[in-house]
Amino acid sequence: MTFQRSPNLAHLKSSETVAISTEAKRRKAAGENVLDLGVGEPDFDTPALAAEAGIAAIRAGKTRYAPNVGIVELRQAMAKALSAMSGGRAVDPERLIVSNGSKQSLFNTCFALFGPGDKVLIPSPAWVSYPQIVHLTRAEPVMVPGSPEWGLKVSVADLEQHRDEHTRGLILCTPCNPTGAVYTRTELAAIAKWAVEHDIWIVCDEIYRRIHYGSGPAPSLFDLGEEVLDHAVVIYGASKAYAMTGWRIGAAYAPPEVTKAMAAMQSHTTTGANQPAMWAAATAFGDPGVDADVERMVSAFRRRRDYLVARFHDQASGVEFIEPHGAFYVFFRVDGIAPGLTGSSFCERIMREEGVALVPGGAFGDDRWVRLSFSVSDAELEDAADRLMAFIGRLGGKLAAV
Ligand code: PMP
Ligand code: GLU
């Protein structure tokens, strides 16, 4: 029988970030000397305390269906952790719903909030899955280009320019994948005020919140008033700060009726998250012993970030890049390095000629750029930076400082 895609999948493309990391893993397994700076996941092992809690849960027979919205221990631990990061503000565990990774939380959120005829604003460049998920809801993603003078972030004026009477939502990501830019509290407050004024849902993906190079966690919607949280869904999860990508635990914090709608959806799709993984995550969020591990990982990311930024300044001073304030990515611009160069051609050539996997900016909506993920060991990063700088030098000759 011939397969014809359902109209549900009219816009569907598979994830380029996932594809690049699969390809890099394949090459490595085949014995090639490939440095994978494409993948967006921490290179660290899950903190031992959390991993042990997952193992203990299996041994204790906590292997059956769990409550669809998540075990209460995890919701409480997460609420407490979110509260502590925002000066002890009230965070209601009942408003949290746990899913199989924050990707599912985002999917549930968008499905609950948006549908045909709606438009959803997405600051661009944007993580690959946002426009895809919005398309799956049959709403229309509207990309809002960020401003180059402002770390490719958007302002209220940029958003207002793209708003019309169909605009129902905005998906923000801070710290941002792919740029590493972080919205300040003042910027978030201004955007939130605008969204509340125009009855626009803010979906704020804060999965990288603890990977922040300023002091403390990155600013959050949880730092703003209750009225903002009544117009928002905050996405959080264990994958990044706790190095738990494979456990697949994410969560959404939403107004009660939205949480309820998502719970109903989830009751027909995944019946909630994996139970042993939820116990592991409850320890990750709740056990103060895990904090030292998170801090060790964040300081390693900070060291690597400083190292790379210095290498860009010293050896590729003509190459524009966003200095990351959070997450573990450097987003740099390649179209000025050599005539006709695009993110895709740069990535294809550096993989072939230097064995370095990177992600073309086209995956995030702007192929003048390339994303580098510095979630590799210090030694690998140094090797990759040597290869990258040599490659840029070869392409562009000696780049003049701008
Ligand atoms: N949001 C952003 C911005 C991400 O980079 C990722 C990483 N894949 C996710 C959400 C999803 O993470 P997970 O499903 O592992 O929680
Ligand atoms: N978020 C990561 C990335 O951007 C993991 C891959 C994915 O889920 O897209 O590379």
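Residue numbers (our numbering): 976 to 1377.
The C-beta atom is built at its ideal place from N, Cα and C for all residues, glycine as well.
Exercise. Between the Cα of Ala1059 and the Cα atoms of Ser1195, Ser1352, Tyr1304, Ala1226, which residue gives the shortest distance?
Worked result: Here residue 1059 corresponds to residue number 84 of the sequence shown, with the count starting at 1. A check of alpha carbon separations from Ala1059 across Ser1195, Ser1352, Tyr1304, Ala1226 identifies Ser1195 as the nearest.
Exercise. Do Met1253 and Ala1041 have their C-beta atoms closer together than 8 angstroms?
Worked result: In the sequence shown, the residue the question calls residue 1253 occupies position 278. In the sequence shown, the residue the question calls residue 1041 occupies position 66. The answer is yes: Cβ separation under 8 angstroms.
For this session: Taking Ser1348 as part of the beta strand (DSSP E), name the residues at either end of that continuous run.
Result: On the sequence shown, residue 1348 is found 373 positions in, with the first residue counted as 1. Ser1348 -> beta strand (DSSP E) spans 1344 to 1348.
For this session: Give the secondary structure of Thr977 by DSSP, where H, G and I count as helix, E and B as strand, and everything else as coil.
Result: As a position in the sequence shown, residue 977 is number 2, starting the count at 1. Note: Thr977 maps to coil in three-state DSSP.
Exercise. Rounded to a whole number of angstroms, what is the C-alpha to C-alpha distance between Lys1373 and Phe1306?
Worked result: To locate residue 1373, count along the sequence shown from 1; it is residue 398. To locate residue 1306, count along the sequence shown from 1; it is residue 331. Because Lys1373 sits at a pLDDT of 48, beneath the cut-off of 50, its placement in the model cannot be relied upon, and the following sentence gives the value as read from the coordinates. Rounded to whole angstroms, Lys1373 to Phe1306 spans 21 angstroms at the Cα level.
Exercise. Where are the beta strand (DSSP E) runs, 3 residues long or more, that stay fully inside the stretch 1227 to 1256, in chain order?
Worked result: If one requires a minimum length of 3 residues, no beta strand (DSSP E) run lies completely within the stretch 1227 to 1256.
For this session: Let me know the beta strand (DSSP E) ranges lying completely inside the stretch 1040 to 1102, each 3 residues or longer, listed in chain order.
Result: Runs of the beta strand (DSSP E) inside the stretch 1040 to 1102: 1071 to 1075, 1094 to 1099.
For this session: Closer than 7 angstroms by C-beta to Ala1326: which residues in its own chain qualify, once you throw out the five before and the five after it? Chain order, please.
Result: Indexing the sequence shown from 1 puts residue 1326 at position 351. Per the sequence shown, the amino acid found at residue 1326 is Met instead of Ala. Correct list, in chain order: Ala1332.
Exercise. Counting pairs of Cβ atoms below 8 angstroms between the stretch 1170 to 1178 and the stretch 1129 to 1148, do you hit three or more?
Worked result: Touching, yes, given that three or more Cβ pairs across the two stretches are closer than 8 angstroms.
Exercise. Of all residues in the structure, which have a C-beta closer than 6 angstroms to any heavy atom of the ligand PMP, taken in chain order?
Worked result: Those residues, listed in chain order, are Gly1015, Gly1076, Ser1077, Lys1078, Trp1102, Cys1148, Asn1152, Asp1180, Ile1182, Gly1212, Ser1214, Thr1220, Gly1225.
For this session: Look at Ile1182 and Ser1077 and say whether their C-beta atoms are less than 8 angstroms apart.
Result: Here the question's residue 1182 lines up with position 207 in the sequence shown. Here the question's residue 1077 lines up with position 102 in the sequence shown. The Cβ-Cβ distance between Ile1182 and Ser1077 falls below 8 angstroms.
For this session: Can you give me the start and stop residues for the alpha helix (DSSP H) that Tyr1282 sits inside?
Result: Counted from its first residue, the sequence shown places residue 1282 at position 307. Run containing Tyr1282: 1263 to 1290, per the alpha helix (DSSP H) assignment.
For this session: Look up Pro1116 in the DSSP assignment and say whether it is helix, strand or coil.
Result: Translated into positions along the sequence shown, residue 1116 becomes position 141. In this structure, DSSP gives Pro1116 an extended state, which the three-state scheme calls strand.
Exercise. Pick from Cys1085, Phe1303, Thr1154: whose alpha carbon is nearest that of Gly1015?
Worked result: By 1-based counting over the sequence shown, the position of residue 1015 is 40. It is Phe1303 whose Cα lies nearest to the Cα of Gly1015.
Exercise. By DSSP, does Ser989 sit in helix, in strand, or in coil?
Worked result: Translated into the one-based positions of the sequence shown, residue 989 becomes position 14. DSSP places Ser989 in the coil class of the three-state scheme, outside both helix and strand.
Exercise. According to DSSP, what are the bridge partners of Ser1122?
Worked result: Along the sequence shown, one-based indexing puts residue 1122 at 147. Paired residue(s): Lys1128.
For this session: With DSSP collapsed to three states, give me the class of Phe1296.
Result: Within the sequence shown, the letter at position 321 stands for residue 1296. Note: Phe1296 maps to strand in three-state DSSP.
Exercise. Quick one, which of Gly1212, Ala1026, Leu1316, Ala994 has its alpha-carbon nearest Val1345's?
Worked result: Stepping through the sequence shown from its first residue, residue 1345 is reached at position 370. Closest option to Val1345, Cα to Cα, is Leu1316.
Exercise. Can the beta-carbon of Ala1087 be found closer than 8 angstroms to that of Ala1236?
Worked result: Counting from one through the sequence shown, the residue named residue 1087 turns up at place 112. Counting from one through the sequence shown, the residue named residue 1236 turns up at place 261. For Ala1087 and Ala1236, yes; Cβs fall inside 8 angstroms.
Exercise. To the nearest angstrom, how far is it from the Cα of Ala1028 to the Cα of Phe1260?
Worked result: Locating residue 1028 in the sequence shown gives position 53, counting from the first residue. Locating residue 1260 in the sequence shown gives position 285, counting from the first residue. Looking at the backbone, the Cα of Ala1028 and that of Phe1260 are separated by about 12 angstroms.
Problem set entry | Nonlocal neighbours in the same chain, by C-beta distance under 8 angstroms from Ala1376, ignoring five residues either side | Here residue 1376 refers to the residue found at position 401 when the sequence shown is read from its first residue. With a pLDDT of 39 at Ala1376, under the threshold of 50, the modelled position of this residue cannot be trusted, and the question is left open.
For this session: Can you tell me which of the three DSSP states Ala1332 falls into?
Result: In the sequence shown, the residue the question calls residue 1332 occupies position 357. Of the three classes helix, strand and coil, the one that applies to Ala1332 here is strand, per DSSP.
For this session: Classify Pro1033 as buried or exposed, calling it buried when 16 or more other Cβ atoms lie within 10 Å of its own Cβ.
Result: Numbered from its first residue, the sequence shown carries residue 1033 at position 58. The sequence shown places Ile at residue 1033, not Pro. It counts as exposed.
Exercise. So which of Asp1018, Gln979, Gly1036, Ser990 has the shortest CA-CA distance to Ala1216?
Worked result: Numbered from its first residue, the sequence shown carries residue 1216 at position 241. It is Asp1018 whose Cα lies nearest to the Cα of Ala1216.
For this session: Could you tell me if Arg1001 is buried or exposed, where buried requires 16 or more neighbouring beta carbons within 10 angstroms of its beta carbon?
Result: As a position in the sequence shown, residue 1001 is number 26, starting the count at 1. The residue in question, Arg1001, is exposed, as its Cβ has fewer than 16 Cβ neighbours within 10 Å.
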